[in-house]
Amino acid sequence: MKLKSGIVTGVALVLAYGLFLASYAPARLLTAVPLPAGMVVAEAAGTLWQGSLQRFSWRTLTLDDVHWNITFSDFMPALDIAFKNPEGIAGRGIIRGWQQPQFYQWQISVPAGYLFSHMRFIVPIGAEGNVQLNLQEATVDRSGCQSLDANVTWPGARVKTPLGGLVLATPQATLRCQQGALEASLRQTSSHLQLSGKGSVTPKGEYRFTGQLSSGNDLPATMKKLLATTGKADEQGARTLNFQGRLL
Numbered sequence: 002m003k004l005k006s007g008i009v010t011g012v013a014l015v016l017a018y019g020l021f022l023a024s025y026a027p028a029r030l031l032t033a034v035p036l037p038a039g040m041v042v043a044e045a046a047g048t049l050w051q052g053s054l055q056r057f058s059w060r061t062l063t064l065d066d067v068h069w070n071i072t073f074s075d076f077m078p079a080l081d082i083a084f085k086n087p088e089g090i091a092g093r094g095i096i097r098g099w100q101q102p103q104f105y106q107w108q109i110s111v112p113a114g115y116l117f118s119h120m121r122f123i124v125p126i127g128a129e130g131n132v133q134l135n136l137q138e139a140t141v142d143r144s145g146c147q148s149l150d151a152n153v154t155w156p157g158a159r160v161k162t163p164l165g166g167l168v169l170a171t172p173q174a175t176l177r178c179q180q181g182a183l184e185a186s187l188r189q190t191s192s193h194l195q196l197s198g199k200g201s202v203t204p205k206g207e208y209r210f211t212g213q214l215s216s217g218n219d220l221p222a223t224m225k226k227l228l229a230t231t232g233k234a235d236e237q238g239a240r241t242l243n244f245q246g247r248l249l
């Protein structure tokens, strides 16, 4: 019994000493370890437990002023992360869990113009305002999205097109998961357009959207003519939308 007790005590001391070393190990060690191809970290400060990076880049993603803090959340190990991007992206949230990572209390803001610049359009289209993600919790594994409680808003939304500006006010979307697929309920109302509908994207990239679109009193005449070509309007002036396909 004394031998077993001694072994347990020894293991506990080794683990405690290991945690002690990890908590005080300098964050600059991250710049010395082998990283995946294309990944770059620069100007690390602090410790592995609580530190910062002046810059992190991987493929097309670049983040400045990345901060992290390892802590506990609901008795689970948690990584609290905050970052910003030269293009105006900013975010903060927690990744926690033992075997299955969970995203918890994330807030991310992305300029709409940045998002539109990475989309393919037949004609030049710009956007104003910031798209904001508020995520309470999300769990994702190899089979897809398992749980999600989040919403997206776009305050002061405006779209610039060759036919003129389009005022969208504050579009809102509620995000959930169903059988591994991401589901969204969208609602948008402004003096230019009214849009509502539901869409989904499966882990295989198959998407579907159904909804209704109608023009407002202040929609420019040229855009009203274009909207009239999208299908037949019902008695209330709403046009049914049905899209499905596969993402590239």
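Sequential numbering from 2 applies to the sequence shown in our numbering. Ideal Cβ placement from N, Cα and C applies to all residues, glycine included.
Spatial neighbours of Gln195 in its own chain (CB-CB distance under 6 Å, excluding positions within 5 residues in sequence) are listed in chain order as Ser215. Just so you know, the alpha carbons of Arg209 and Gly198 end up roughly 11 Å apart.
When the five nearest sequence neighbours on each side are left out, the beta carbons in the same chain lying within less than 7 Å of the beta carbon of Gly89 are those of Pro112, Tyr115, in order along the chain. From the listed residues Val160, Leu176, Cys178, the smallest Cα separation to Ala170 is found for Val160.
Inclusion of Leu164 and Thr223 in the CB contact set at 7 Å is warranted, their separation being smaller than that value. Only residues of its own chain outside the window of five on either side were considered, and among them Ser216 have a CB closer than 6 Å to the CB of Leu228, listed in chain order. Counting only runs of 4+ residues, the alpha helix (DSSP H) found wholly inside the segment 104-140 occupies 113-118, in chain order. Here Thr171 carries a coil assignment [DSSP, helix/strand/coil]. When C-alpha distances from Gly232 are compared across Arg240, Ser144, Lys226, the shortest belongs to Arg240. Annotated three-state conformation of Arg29 is helix, per DSSP. Shortest Cα-Cα distance from Asn86 to any of Lys226, Ala128, Val67 involves Val67.
Counting along the chain, Thr48 sits inside no alpha helix (DSSP H), nor does DSSP assign it H or E at all. Counting other Cβ atoms within 10 Å of its Cβ, His193 reaches 16 or more and is therefore classed as buried. Going by DSSP, Lys205 is part of no beta strand (DSSP E) at all; its letter is neither H nor E. Looking at the DSSP output, Met77 shares a beta bridge with Ser74.
Excluding its 5 nearest sequence neighbours in each direction, Leu31 has C-beta neighbours in its own chain below 6 Å: Val42, Ala45, listed in chain order.
Comparing C-alpha distances from Gln245 to each of Thr211, Cys178, Leu220 shows the shortest one belongs to Thr211.
Per DSSP, Ala222 lies in no beta strand (DSSP E) segment; the continuous alpha helix (DSSP H) that holds it begins and ends at 222-228. Apart from the 5 residues on each side of it in sequence, Pro78 has no Cβ closer than 6 Å to any other Cβ in its chain.
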